[in-house]
Amino acid sequence: MPNYIHCRYCGKHLPTAKGLHLHIAQKKSCRESRKRVLAKQNRLSAGESHGAEDAEDAEMNDAYNPPVEPTTPEFPTTPSTTKDNHGGRWLETYPRLAGATKGTGQSDFAKLREQQEANGQGSCAPFENLDEWELAQWLLRNVGHNATDEFLKLPIISQKTDPSFKNDRTLYQKIDALQVPLASEWICDTFEVKGDRKDRQRRPQRETLQLWRRDPVECIKELMGNEAFRDKMHFQPERVYEDEEGKSRVFDEMWTGDWWWETQDKLELGATIAAVIVATDKTHLSTYSGDKQAHPVYLTIGNIDKSIRRKPSERATVLLGYIPVTKLECFSTKAKRSRAGYQIFHDCMRKLLSPLQAAGRNGVDMLCSDGFIRRVFPILAAYIADHPEQCLVACTRESRCPRCVSGYHSMGEPVRSAWRDQPSTLKAMSDKAQGISSTEYEAQGLRAVKPFWEHLPHCDIFSCFTPDILHQLHKGVFKDHLVAWATECVSEGPDEIDQRFCTMPPGNDLRHFNKGISLVSQWTGTEYKNMEKVFLGVLAGQAEAGLIRAVRAALDFIYYAHFQSHTMNSLKRLDAAWIAFHQNKHYFIDKKVRTHFNIPKIHSMEHYTASIISRGSADGYSTEHPERLHIDFTKAAYRASNKREYIKQMTVWLRRRDACHRFAHYLHWAQVHPTLPEDSDSEDDGGSGGPGDNLADYQAISCTHFIAKNPPYTLPISTIAHEFGAVDFIPCLSDFLRSSSSALARIPVLHGNLNLSVFKQFTVQIPPVPQVSQEGMKDVIHTRRGVPRSGMTAAVPSRFDTVLVREKIPSQANDSGQRGDAFGGLSVAQVRVIFRLPEYFSTFNEPLA
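Below you can see the structure in the form of structure tokens.
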């Protein structure tokens, strides 16, 4: 009889140790029991006395046998996976205890409610009631100081509404009196910079700078404890697979990447990682004139779902501080000003992030969004910035890569270079600062700066740089390089490209560049993406095969890089597209358009796969997000100031906005106000509440269509054939009816005077595609006849969209390779008319096209 191993938690006998690990991983009760035992063992190893509790547990389970090494559980040789509740994914949980709880705590909202009840106040205090609060909130969000004062003095407001605040001053006093807890108060640090220029007294000129900042640990506490993120927060790493065997990894959220798993190994048992994500980006404050700039620093955590982090209205990203922006006129040369500017940036960032040093080493107890207290270790995990800012942070020249040591003359080749090593980099910069000759300093293209990241625990700054899809791919690889090179290779040049953009047919979710692209003066990420969708079609028929192959490879890379969820297979295709571009780039050299490809943004494509495996999919780190935050945290705040000492006024304005937002959340939590106020999101935020918004609904949604209940036209067939360009409408409809004759007792005679109901469009609801979007998408198919010019009203051109149609469903396809192929049986067609047959065609109740 074989020796069976029994489960100490449920008593079940298993034949092998591997079977025992699989059993514990798959059975929830055993998995939870195992976590509790490991937590108690960890407390014992830390010197805590729990003898009575352990004895009691031992009495309750006679089969309990403590392991020889309590703090090092056995690891299975193959991943033990459990089925995700959402389906389609298999999870491997972290084998050691992570994200352990230390009891429960009282939330800030609960404390506030107790305080209000003790003081005999209502939930809306210091406002009289909910109506008054909503008025105050609307004024703060939409009306300036002077206009607020005028509004409150209107007789209809002051006499009939009669709010408790009579002018803007008393309104802001009430807002400042809101008792909601905020992340951290603003702190202003003042310091001087001494230059090499002399003043009239022959003394060195000095400039006084101000650093406005908040405590990052307190900001992280607010994010970790925000109850709005209760179901959108993760506290431990996971490995996600497509299959039960654990052969094909899935990378999407940050906690599914290797970095979190590997960093968790370095921390004490039960520790919780707060994966800190920092973003910096300098921006102009004035739109049309002036040169005033701000350099905001944003902070969020990778524990929050990336879909939430991307929405500005969710407030999942906080403003950490403003780095001073100065021209440093106290220095005599541009080189000296640049060096001083680099060091000022690092000194300010060191001051901003210094609280993370002790917190990252020792941990901080934090109340989390689920109501439990955990020992949290905030660790810098990712840094979002464009290429110049990445080089500024990495202390490298802008002609070099901030992630690897590739030389400038080898950046254009598809060769994997060695990663930058933080200790050797620090030593090379230290030797340079001390005047010691260092070959590494020059070889790595470094700058002589004392970096802010030198003492951040568990942080490798070079691996923290995440892909910047907006500036590296959309603007850099595509717009600045690929479009310019392809235009030079086309025989007629820019005029031909413009003409082809103009003649491209319109389509759903496609922008029609009716004036071409050469006259567009201000480009945004949206324009780049719209160009990418049609650029291959623009080149088709005019460009040579070599150009098409090179452009297609680059566009393939861009679209794979955009995936919101990657698998090992998609990452292989991403790398294959990168290799294909390098294999075909010689076309541009042959046409004498380029002599080399030593371009940092093209070189950055090399690191996308490694970054995705380490930190999750690239869409969670787009620089589009901080650029969108500039609107709320810098530009709107600047417009609300009087433009004198504006940073100080901006911090006051932001504090009041934060207080209002938190108070609105509190009222929602307290069940006073059923809904939260909505702020405008970016274009890519998407909606909520419709089909496919919940992951549990995804598999249940099928492709459905929507069409107007009442058709806008009733037209004879002769008119349809002429005005809609459906010249073969009658013979095609006759063939269709004849092929369906088994459903009809008699085939009616079709003639030109037969009236049909005609529709302008119909909408197809498409199920979510995890790689593209977690939300359902809609595709609108238009069939619109042209409308001639009438008076001052311009003519409207006709529009007949192109679609893919399936003549046979995959299960009906023949065995010549189409069976099971999602694209099998598809054909390209142009929809000319959407119509409904008369009622006596009772078999065909649905519209036809």
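According to the numbering used here, the sequence shown is numbered sequentially starting from 25. For each residue, glycine too, the CB sits at the ideal point set by N, CA and C. These figures come from a predicted structure and were not determined experimentally.
Count the other C-beta atoms from every protein chain shown that fall within 10 angstroms of the C-beta of residue i, then say buried if there are 16 or more, exposed otherwise.
i    : result
M390 : buried
L121 : buried
H729 : exposed
G123 : buried
T341 : buried
I636 : buried
S73  : The predicted model places S73 with a pLDDT of 38, which falls under 50 and marks its position as unreliable, so this point remains unresolved.
L543 : exposed
E262 : buried
S448 : exposed
I671 : buried
H370 : buried
Y864 : exposed
V417 : buried
D519 : exposed
K625 : buried
P862 : exposed
N21  : In the structure displayed, the chain extends from 25 to 873; residue 21 sits before or after that span and is not available.
P228 : exposed
M278 : buried
In the DSSP assignment, what residue or residues form a beta bridge with residue i?
i    : result
H308 : Q317
N779 : P740
D192 : For D192, which the question treats as bridged, DSSP gives no partner whatsoever.
V820 : V811
M390 : R398
C212 : W236
A406 : I301
L872 : F859
Y552 : BP columns for Y552 are empty, so no partner.
M801 : I790
I347 : H319
T826 : Q854
Q785 : H806
A729 : According to the sequence shown, residue 729 is His rather than Ala. In DSSP, H729 forms a bridge with V788.
E231 : V217
F489 : Y407
Please return the same chain residues whose Cβ sits closer than 8 Å to the Cβ of residue i, not counting the five positions on each side in sequence.
i    : result
I572 : L560, L563, A564
N666 : Q673
I582 : I493, L497, H498, V501, F502, E556
T591 : E266, S272, R273, V274, F275
L136 : Q203, V204, P205, Y690
L828 : L850, S851, V852, A853
A567 : A510, C513, V514, V575
For residue i, I'd like the list of residues in its chain whose CB is within less than 6 Å of its CB, leaving aside the five on either flank, ordered along the chain.
i    : result
Y33  : C54, S57
M801 : I790
H505 : none
K245 : M390
G810 : P821, S822
G129 : L391, I397
A873 : V855, I858
Y465 : A452, K456
N532 : D803, V804
T367 : Per the sequence shown, residue 367 should be read as Gln rather than Thr. Closer than 6 Å at Cβ, skipping near neighbours: V473.
Using 8 Å for Cβ pairs, my map puts residue i next to residue j. What's the rounded Cβ distance?
i    : j    : result
K330 : D643 : 7 Å
A452 : L470 : 6 Å
Y407 : C354 : Wrong, their Cβ atoms sit about 30 Å apart, outside the cutoff.
E156 : T350 : About 44 Å separates the two Cβ atoms, so there is no contact after all.
C513 : K615 : 5 Å
F859 : L778 : Not really, about 11 Å apart at Cβ, beyond 8 Å.
A303 : P650 : 4 Å
V782 : L739 : 5 Å
A578 : F605 : 5 Å
A438 : I603 : First, the amino acid is wrong: residue 438 is Pro here, not Ala. Rounded, the Cβ-Cβ distance is 6 Å, consistent with contact.
Cutting at 7 Å between CB atoms, please list the residues of its own chain near residue i, excluding the five before and the five after it.
i    : result
L344 : R237, R238, P240, C243, V321, Y322, L323, L376
D173 : N191, D192
R421 : C415, G469, R471
Run through the stretch 410-478 for me and flag every whole beta strand (DSSP E) of 3 or more residues, listed as ranges in chain order. Runs of the beta strand (DSSP E) inside the stretch 410-478: none found.
In chain order, which beta strand (DSSP E) runs of at least 3 residues are fully inside the stretch 240-307? 262-265, 273-275, 296-304
At what residue ranges does the stretch 113-188 contain a whole run of the beta strand (DSSP E), taking only runs of 3 or more? 114-117, 125-128
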